[in-house]
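Protein chains in written order, with the working numbering: chain A, 22 to 144; chain B, 69 to 184.
Here's the structure, in C-alpha cells; my notes come after.
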C-alpha cells in the first residue's frame with residue numbers, strides 16, 4: 022500500500038490508521054504509530070522540497086511504515102536525545118524513537134528513508 | 069469542514085474571570101498558525117487564567133504542541149496561568165512523551181481547571 026503526500030497530513034494519518042487496523046495492531050499501538058508517521062511526514066513537509074512517499078506493509082510479525090523524501094538529515098543521532106519539555110523544537114524524531122519498536126533512518130544527498138517498525142504479536 | 073477550529077469564550081468561576089479556548093479537530097504543522105494566531109491574541113489580553121479545552125481535539129503533533137508551549141511561556145512571563153482539559157488518548161500521549169504535562173497542569177474538566 023502506497024500513498025504520496027504533499028500537504029494533507031490528515032489523509033496520511035487516516036491511511037496509517039486503516040492499514041494498522043487491517044494488520045491487527047492493537048488500538049493503543051495504532052495511536053503510537055499514527056503519532057510517529059505523522060511526525061516524520063511533517064518533517065517531509067518542513068524540510069524536503071519534494072512530495073513524500075509513504076509505503077506500508079506487514080507480515081505475521083510486524084507492520085512497517087516507510088517514508089521517503091528528497092530531504093537530507095545531517096545529524097545521524099537526530100531523535101536520539103530527549104529535548105527539554107519546554108524546548109521549541111526537536112520533539113518529532115524523539116517521539117518516533119520512543120513509540121516505535123525499531124526505527125531505521127538512512128539519509129544522504131539523494132534523500133531520506135525512515136522505516137518505522139511495530140511488532141504485531143506483542144499487541 | 070475545517071480540520072481545526074479554535075473558539076474563545078470569556079467565563080467566570082466564583083467571581084474570577086478566565087478565558088476558555090476550545091480546540092477541536094486535528095492540529096498539526098499544516099494548521100498550527102491558526103492556533104498560534106488565536107493563542108497569541110488571547111495572551112495579549114493578559115488573562116489570569118487561560119484554559120484550553122482539548123476534549124474535541126483528536127490529534128496534535130509536536131509542532132502544534134510547540135505553539136501551546138510558546139503561549140504558556142509568554143503567559144507565565146506576565147504572571148498568568150495555563151491549564152489543559154480532557155485530552156483524548158493521542159493528545160495525552162503527546163503531552164506525556166514530551167513531558168509537557170509536567171509543565172502545564174492537566175484537568176479532567178473545565179470546572180476543575182477553573183476552580184484550581
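Cβ coordinates follow ideal geometry from the N, Cα and C atoms, glycine included.
Exercise for review: Return the CA-CA distance between residue 78 of chain B and residue 119 of chain B, expressed in angstroms with no decimal places.
Suggested key: 10 Å
Check your understanding: What does DSSP give as the partner residues of residue 152 of chain A in its beta bridges?
Key -> Any property of residue 152 of chain A remains undetermined from this structure, which presents chain A solely from 22 to 144.
Exercise for review: Could you tell me whether the Cβ of residue 34 of chain A comes closer than 9 Å to any Cβ of chain B?
Suggested key: yes
**Study point:** chain A residues whose Cβ lies nearer than 7 Å to that of residue 167 of chain B
**Key:** 106
Review point. Are residue 95 of chain A and residue 128 of chain A closer than 9 Å when you measure CB to CB?
Key: yes
**Study point:** Given residue 89 of chain B as reference, the closest of B:171, B:70, B:139 and B:158 once Cα atoms are compared
**Key:** B:139
Point to revise | Rounded separation between residue 102 of chain B and residue 76 of chain B - CA only | key: 13 Å
Exercise for review: Could you check the C-alpha separation between residue 58 of chain A and residue 134 of chain B for me, to the nearest Å?
Suggested key: 18 Å
Exercise for review: Please classify residue 36 of chain A: does DSSP put it in a helix, a strand, or coil?
Suggested key: helix
Exercise for review: Can you give me the Cβ contacts of residue 127 of chain B inside the same chain, cut-off strictly under 6 Å, excluding the 5 residues immediately before and after it?
Suggested key: 94 and 158
Point to revise | Inter-residue CB distance, residue 113 of chain A and residue 130 of chain B (contact presumed, cutoff 8 Å) | key: 5 Å
Practice item. Please find out if some non-hydrogen atom of the ligand ATP comes closer than 8 Å to the beta-carbon of residue 137 of chain A. Key: The model depicted lacks the ligand ATP and carries no ligand whatsoever.
Exercise for review: For residue 148 of chain B, count neighbouring C-beta atoms within 10 Å of its own C-beta (all shown protein chains included) and say buried if the count is 16 or more, exposed if not.
Suggested key: buried
Check your understanding: For residue 129 of chain B, which three-state DSSP category applies?
Key -> coil
Review point. Residues bridged to residue 81 of chain A by DSSP?
Key: BP columns for residue 81 of chain A are empty, so no partner.
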